[in-house]
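Trainee:
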Amino acid sequence: MATYWDPFQEMDRLFGSIAANNRTAPAMPMDLFREGDHFVLAVDLPGIDPGSIDVSCEDRTLTIRAERTPRSGEGQWLLRERTTGTVARQVALGRGLALDDISASYADGVLTLTIPVAEEAKPRRIEVTHARTDHTIEA
């Protein structure tokens, strides 16, 4: 019975696992969903000072910036995985949104933006009237 042996198979597996471990999650993971006549954007910002959060909208681009300050004090780091500094993320917004009415709140490490749909973009029912015509035949 013959068996196939690939000398590079173990190296491929090793390099694949290294590459998989180097993938990093976005600095600001977010969820976006529609709820009735508005969209909700929830952004994870744990450990962020609420006073450092800046949300702006310019030319249909929503920009979120926040600052995570480094821990001060004496001591020797044993493990340091939490990033510090400024994090930012931009989201392109489509047409049909009421950009002047966006509201934001921050609680439990989550920034929640509520983006309403513009009145002119909401679906509406158009009534169809029926014009009655008399079809009389004269004899």
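full-length UniProt numbering numbers the first residue of the sequence shown as 1 and each following residue consecutively.
Ideal Cβ positions, reconstructed from N, Cα and C, are used throughout, including at glycine.
Just so we're clear, the structure is a prediction, and the values are computed from it rather than from any experiment.
Is the region 32 to 45 touching the region 109 to 117, taking contact as three or more C-beta pairs under 8 Å?
Mentor: Enough Cβ pairs lie closer than 8 Å, so yes.
Trainee: State buried or exposed for I126, treating a residue as buried only when at least 16 other CB atoms are found within 10 Å of its CB.
Mentor: Classification of I126: exposed, given that the 10 Å Cβ count is below 16.
Trainee: In three-state DSSP terms, what is E120?
Mentor: Looking at E120 - three-state DSSP - the assignment turns out to be helix.
Trainee: Taking A66 as the reference, which of S52, V110, S103 and M30 has the closest Cα?
Mentor: Residue S52 is the option with its Cα nearest to A66.
Trainee: At which residue ranges does the UniProt domain "SHSP" (21 to 131) contain complete beta strand (DSSP E) runs of 3 or more residues, listed in the order of the chain?
Mentor: Whole beta strand (DSSP E) segments, 3+ residues: 30 to 35, 38 to 44, 54 to 58, 61 to 68, 85 to 92, 103 to 107 and 110 to 116.
Trainee: Quick one: residues in its chain with C-beta nearer than 8 Å to the C-beta of residue 215, no 5 flanking neighbours on either side, listed in chain order?
Mentor: Residue 215 is absent from the model: the chain starts at 1 and stops at 139.
Trainee: In angstroms with no decimal places, state the Cα-to-Cα distance between R82 and S72.
Mentor: Roughly 14 Å separates the two Cα atoms.
Trainee: Nearest to E120 by CA position, among D37, D31, A104 and F33, is which residue?
Mentor: That would be D37, whose Cα lies nearest to the Cα of E120.
Trainee: By a C-beta neighbour count over all protein chains shown, 10 Å radius and 16 as the cutoff for buried, is L78 buried or exposed?
Mentor: With fewer than 16 other Cβ atoms within 10 Å, it is exposed.
Trainee: Do you know whose CA, among I64, E74, D108 and G47, lies nearest I102's CA?
Mentor: I102 has its Cα closest to that of I64, out of I64, E74, D108 and G47.
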